[in-house]
Amino acid sequence: MPDTITKLAYQALQQGKSYFGLAHKAVSTQVMQTVSPPKDLQTTPLDIKSLQLLQQRMGDLLERDWQDTEAGVYPKELLFDNPWDDFFRFYPLVCLDLPQIWERLNKRDHHRFSDDIDTAGYPKYYLQNFHHQTDGYLSDMSANLYDLQVEILFNGTADPMRRRILAPLKQGLAAAGVEDGAKVLDVACGTGRTLGMIRDALPKTSLYGVDLSPTYLRKANENLLAKPGLLPQLVQANGESLPFVDNYFDGVVSVFLFHELPAVARQNVINEMYRVVKPGGTVVLCDSIQRLDSPEFEAAMENFPAMFHEPYYRHYTTDDLNLRLTDVGFESVSNQVHFMSKYWVCRKPAAV
Ligand SMILES: C[S@@+](CC[C@H](N)C(=O)[O-])C[C@H]1O[C@@H](n2cnc3c(N)ncnc32)[C@H](O)[C@@H]1O
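Numbering (full-length UniProt numbering), first residue to last: 1 to 352.
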């Protein structure tokens, strides 16, 4: 396919996802207002300037995504990698799950798990219905619906935002002379979307993923098995105490984890990342934008934890992770902001 056609196809796909996400949210909000109007839900509508800026930033993100494939950072096929089977199997369940979500929202019930779920052994902060997810992160159904729900939330830009970690990761590994055969860990790998992307961008890498959720790891295994390539090693573990020896990985990444951690756990995860990455190794983090550098989206950052259950988000948006990273010993800390996400790229000092 000539490149202009491929680019148009990519833009059309993203446009379709964006309209779908907007339509889903508009219809579900209407239905919620009719059948289960939320009590005391205080949100601020975004003004036209913020909406235009969001639109422009989304366009910039997609253009960067395209440019990275042109530059060979990852294959163009990744742009079209969409879990269609899951979409058709699970979208009806996403809709059927909504009344339960609205009920918990209205009752402010954020700690509900089905009776058959074993909640023993998890940190207290984890045992919550983050973004009103039924059964939190602890059921197969939650794992099956998660990617779809995130795609709807971000109007189809979750994967383009995840892919922004690939260029700095590749650059970091190349600078350390280990682009081929490196060992890379994804902390809180969830259903394995980021691991799949790293595998496509760096096919010779040995990949590892940890997550606290056994059901999300099962889903990650299923997703990663469905495509060709080396199978990452998936381990159920807390990012606060990684089950790896010191100086083991050439690269460590994490996507959309930090806003769901209390401050102490955020620091513990950073300490652990520092411990397990080799001298000269690279760490790349991706999470939500913060008040520190995106004050123009103040209202969106206020609305997010009000509409979705995100108990640690407000603190996260003011938490200076650059300071946390440098305090633990990382150097060359730099930041990027793309659409609604922010990135931290840093390196553990090389051994002398
Ligand atoms: C918002 S999801 C992000 C998942 C994935 N990285 C992505 O890009 O979609 C947060 C993930 O963090 C995991 N998680 C939360 N706290 C954790 C911890 N302390 N250690 C390991 N995983 C954790 C959850 O189980 C969940 O899979």
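Glycine included, C-beta positions come from ideal geometry on N, C-alpha and C.
Does the distance between the C-beta of residue i and the nearest non-hydrogen atom of ligand 3 fall short of 7 Å?
i	result
A188	In the structure shown, ligand 3 is absent; the only ligands present are ligand 1.
Spatial neighbours of residue i within its chain, please: C-beta separation below 6 Å, excluding the five flanking residues on both sides.
i	result
residue 357	Given that the chain is displayed from residue 1 to residue 352, the structure contains no residue 357 and the question cannot be resolved.
T194	R162, D186, V255
Y125	P262
A299	T44, L46
E179	L173
Q336	Y343
L257	A188
H338	L61, R164
Q100	T134
Quick check on residue i: buried or exposed, where buried means 16 or more other Cβ atoms within 10 Å of its Cβ?
i	result
T157	buried
D3	exposed
T69	buried
W66	buried
L215	What sits at residue 215 in the sequence shown is Thr, not Leu. Buried, since its Cβ has 16 or more Cβ neighbours within 10 Å.
R163	buried
L230	exposed
W344	buried
Y19	exposed
E77	exposed
R266	buried
D159	buried
P168	buried
H111	exposed
R57	buried
A26	exposed
W84	exposed
A182	buried
S139	buried
L173	buried
Q133	buried
A176	buried
D118	exposed
D109	exposed
So the candidates are the options; which of them puts its Cα closest to the Cα of residue i?
i	options	result
D81	G280, D200, A263, H111	D200
T317	R108, L325, V328, F297	F297
R64	M161, L22, T119, R112	M161
A263	R193, L323, N223	L323
L292	G72, M301, V284	M301
S254	L224, N221, S288, Q11	S288
G98	H131, S114, Y137, L321	Going by the sequence as given, residue 98 is Leu instead of Gly. Ranking the options by Cα distance to L98, first place goes to H131.
residue 353	M307, S332, Q233	Since the first residue of the chain shown is 1 and the last is 352, residue 353 is not available in this structure.
T44	R314, P232, A220, F304	F304
V277	P243, Q55, Y146	P243
E272	E240, S294, D250	E240
S334	C346, D327, M340, S341	C346
D116	T326, N238, M141, C95	M141
L234	A71, V252, G209, V184	G209
E260	E310, N238, G251	E310
Within the continuous alpha helix (DSSP H) that includes residue i, where are the two ends?
i	result
S206	It is not in any alpha helix (DSSP H) - S206 instead sits in the beta strand (DSSP E) that spans 206-211.
E331	From DSSP, E331 is part of no alpha helix (DSSP H) but of the beta strand (DSSP E) over 331-338.
D85	84-96
V328	321-328
S254	It is not in any alpha helix (DSSP H) - S254 instead sits in the beta strand (DSSP E) that spans 249-255.
L79	It is not in any alpha helix (DSSP H) - L79 carries neither H nor E in the DSSP assignment.
Q55	48-70
R162	158-163
Y137	Note, Y137: premise wrong, no alpha helix (DSSP H); not H, not E.
T215	214-225
L166	166-175
Can you tell me where the beta strand (DSSP E) holding residue i begins and where it ends?
i	result
K124	Note, K124: premise wrong, no beta strand (DSSP E); not H, not E.
D186	183-187
K342	341-347
L195	Not the beta strand (DSSP E): L195 falls in the alpha helix (DSSP H), residues 193-201.
Q233	233-236
S241	Unbroken run through S241: none, as it is neither H nor E.
S288	277-288
V27	Not the beta strand (DSSP E): V27 falls in the alpha helix (DSSP H), residues 3-35.
What does a CB cutoff of less than 8 Å around residue i pick up in its chain, not counting 5 residues either side in sequence?
i	result
K39	N106
Q14	L62, G156, T157, P160
A143	Y137, T191, S213, T215, Y216, R218, K219
Excluding the five sequence neighbours on either side, which residues of its own chain have a C-beta within less than 7 Å of the C-beta of residue i, listed in chain order?
i	result
P279	N247, K348, P349, A350, A351
residue 360	Nothing about residue 360 can be reported from this structure: the residues present for the chain run from 1 to 352 only.
L53	E296
D319	A263, R266
Y91	L148
L224	G192, L195, G196, L231, P232
Y122	L212
V150	A158
S294	V337
H315	A263
V328	I270, N271, Y274
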